[in-house]
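Trainee:
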């Protein structure tokens, strides 16, 4: 008995979207920004009451309304612009909702509940880690890459394509073909991408223009070994000092000029030891091989190390320092930004064909 060609093939439990993870990360970044802006505004205005008498309209209500609208709009409208608007609106709504988490977990509805910052942080990190695991647990298959390109092509049919999205989709098709995907089927998707109308790229141009305001030496490739080795050495020192503190059951030295303390075994110490161990396991081989190979894995390993170091260390910082932990977190985010920028540069250089095809398709024909 032969298998029918019309029977659907096994595709697994889900098909991942190659570009959906960046939208999820943008959603969470917007939510975090909303929380910080809301807290800052309320502090400046001395926490005004919205309403009169016994009525107080919590901003979590606005957050819920924004999240509802983002869902409705995503169902009603087609196109990348509508989806981008939903990411922004939903992120703002989620930030407004999450900012009042202290009221939801305390009997007296305490907005200033101390562990609120840690609860927010853990939730945000959990979402980001789940997204990263879904994406990195295995490479995207040829089917997933073509499916993602087809989704972008559908946006192009609906509203046209900006040059950078056309290039991204063409790159996905090219990679799928190299992985053995049917060339005839892939060519259909490529044809849709190349014949779709041209959409505005103003937002993308703005996103590309903003980094140019940063001094060029910040975008220099010299930063990569600096932040990479700094992270590796810091992780090694944290690992060594952490083990010393555990072995000595805590060390405390104090004189008139210097105070030195190493904590003994505790939950915070265990988390920091785990952070330094995992970071070192990723970053050390990455830094050793960074200049010895043109492959992407050292850069990806560096990013995994930076994510681990930033997220786990910040978990301890938020538990002990509250929102003051944002200072240390910003250092980790800077390291991640440097590494991610170099990964993006390397990816663009690796696919010149997709860039050339997208450029040709996005150039209006003059009579």
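Residue numbers (this note's numbering): 2 to 368.
We treat Cβ as the ideally placed atom computed from N, Cα and C, and that holds for glycine.
Helix, strand or coil for residue 227? Go by DSSP, reduced to three states.
Mentor: Against the chain shown, residue 227 aligns to sequence position 226. Helix, per DSSP.
Trainee: Pull up the DSSP beta-bridge partners for residue 199, would you.
Mentor: Taking the chain shown and counting its residues from 1, the one referred to as residue 199 is at position 198. Its beta-bridge partners are 162.
Trainee: Rounded to whole angstroms, what is the Cα-Cα separation between residue 122 and residue 186?
Mentor: Stepping through the chain shown from its first residue, residue 122 is reached at position 121. Stepping through the chain shown from its first residue, residue 186 is reached at position 185. If I take the Cα positions, the gap works out to 44 Å.
Trainee: Is it buried or exposed for residue 156, if we count other Cβ within 10 angstroms and need 16 for buried?
Mentor: Within the chain shown, numbered from 1, the residue matching residue 156 stands at position 155. Under this definition residue 156 is a buried residue.
Trainee: Given residue 36, which residues of its chain have a CB within under 7 Å of its CB, disregarding the five upstream and five downstream residues?
Mentor: On the chain shown, residue 36 is found 35 positions in, with the first residue counted as 1. Closer than 7 Å at the Cβ level, and outside the excluded window around residue 36, lie 96, 99, 100, 121.
Trainee: Going by DSSP, what residue range makes up the alpha helix (DSSP H) through residue 270?
Mentor: Position 269 of the chain shown, counting from 1, holds the residue named residue 270. Here the alpha helix (DSSP H) through residue 270 covers 268–290.
Trainee: Across the segment 111–119 and the segment 144–156, are there enough close Cβ pairs to call them in contact, namely three or more that are closer than 8 Å?
Mentor: no
Trainee: Under a three-way DSSP split, which group does residue 15 fall into?
Mentor: Position 14 of the chain shown, counted from the first residue, corresponds to residue 15. In the structure shown, residue 15 sits in coil (DSSP, three-state: anything other than H, G, I, E or B).
Trainee: Quick check on the burial criterion: 16 or more other C-beta atoms within 10 angstroms. Buried or exposed for residue 197?
Mentor: On the chain shown, residue 197 is found 196 positions in, with the first residue counted as 1. Result: buried.
Trainee: Jot down the residue ranges of each uninterrupted alpha helix (DSSP H) in the segment 66–102, minimum 4 residues, whole runs only, in chain order.
Mentor: 81–99
Trainee: Measuring alpha carbon to alpha carbon, tell me which residue in 285, 318, 343 is nearest residue 222.
Mentor: Your numbering for residue 222 matches position 221 in the chain shown. When each option's Cα is compared against that of residue 222, the closest is 343.
Trainee: Quick one: give me the first and last residue of the alpha helix (DSSP H) that residue 32 is part of.
Mentor: Taking the chain shown and counting its residues from 1, the one referred to as residue 32 is at position 31. Residue 32 -> alpha helix (DSSP H) spans 21–45.
Trainee: If residue 287 sits next to residue 303, beta carbons under 8 Å apart, how far is it from one beta carbon to the other, in whole angstroms?
Mentor: Sequence index remark: in the chain shown, residue 287 carries index 286 (1-based). Sequence index remark: in the chain shown, residue 303 carries index 302 (1-based). The Cβ separation is near 5 Å, so the contact holds.
Trainee: Tell me which residue opens and which closes the alpha helix (DSSP H) that residue 130 is part of.
Mentor: By one-based count along the chain shown, residue 130 stands at place 129. Its alpha helix (DSSP H) spans residues 117–137.
Trainee: Just how far apart, CA to CA, sit residue 182 and residue 125?
Mentor: Mapped onto the chain shown, residue 182 falls at position 181. Mapped onto the chain shown, residue 125 falls at position 124. Taking the straight line from one Cα to the other gives about 36 Å.
Trainee: How many Å lie between residue 305 and residue 313 at the Cα?
Mentor: The residue you call residue 305 lines up with position 304 of the chain shown. The residue you call residue 313 lines up with position 312 of the chain shown. If you take the alpha carbons of residue 305 and residue 313, they lie about 12 Å apart.
Trainee: Taking the C-alpha atoms as reference points, what is the distance between residue 195 and residue 184?
Mentor: Here residue 195 refers to the residue found at position 194 of the chain shown. Here residue 184 refers to the residue found at position 183 of the chain shown. Cα-Cα distance, rounded: 16 Å.
Trainee: Under the three-state reduction of DSSP, which class applies to residue 339: helix, strand or coil?
Mentor: As a first step, residue 339 is located in the chain shown; it is residue number 338 there, counting from the start. If DSSP states are grouped into helix, strand and coil, residue 339 belongs with the helices.
Trainee: Please classify residue 63: does DSSP put it in a helix, a strand, or coil?
Mentor: Taking the first residue of the chain shown as position 1, residue 63 is located at position 62. DSSP places residue 63 in helix when its eight states are reduced to three.
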